[in-house]
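What follows is one structure encoded as structure tokens, with my remarks underneath.
In the numbering used here, the protein residues as written are 3 to 143.
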């Protein structure tokens, strides 16, 4: 099973591919407001050299609680690819913000296999980031 996974915490982004049972990962620290260059990330893990996006069986992203904006950016990007290629997309919760993309890919594979590889359970149209922060303060308090 070939898997592509992305994780971003806002100032650190990683991408990983499991292709033919080999794992290749690239990560980079960047300014919080700086958005990753996806072509740079993909080329550093072998895109167009050892694999093409159509070769990927499963896409995944980390639902990081450390930067909702970064998570939404990653989700939008990878969701677009998964929808265009009609491939499943898994959201992996990373509440502690400790995962790198390789761990996201491994957990995605475990979850997918545990579901008996049921593509319908991982419809990319339903894969959305969530934010658990509930410390909102009412304005009239």
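From the three backbone atoms N, C-alpha and C, an ideal C-beta is built for every residue, glycine too.
Residues bridged to residue i [DSSP beta-bridge criterion]
i          : result
residue 91 : 61
residue 9  : 16
residue 2  : One cannot answer for residue 2 here, as it falls past the ends of the chain, which runs 3 to 143.
residue 30 : 15
residue 78 : According to DSSP, residue 78 bridges with nothing at all.
residue 25 : 20
residue 66 : 96
Contact check, residue i vs residue j, beta carbons under 8 Å
i          : j          : result
residue 46 : residue 28 : yes
residue 38 : residue 10 : yes
residue 97 : residue 67 : yes
CA-to-CA distance, residue j to residue i, given in whole angstroms
i           : j          : result
residue 138 : residue 51 : Confidence at residue 138 is low in this model, with a pLDDT of 47, below 50, so the placement of that residue is unreliable and no value is reported for it.
residue 4   : residue 19 : 7 Å
residue 43  : residue 16 : 8 Å
residue 95  : residue 64 : 6 Å
residue 82  : residue 61 : 11 Å
residue 32  : residue 79 : 18 Å
residue 40  : residue 70 : 18 Å
residue 121 : residue 35 : 34 Å
Three-state secondary structure assigned by DSSP to residue i
i           : result
residue 47  : coil
residue 96  : strand
residue 42  : helix
residue 132 : coil
residue 101 : coil
residue 124 : helix
Cβ-based burial, residue i [other Cβ within 10 Å; buried from 16]
i           : result
residue 107 : buried
residue 76  : buried
residue 128 : exposed
residue 132 : exposed
residue 23  : exposed
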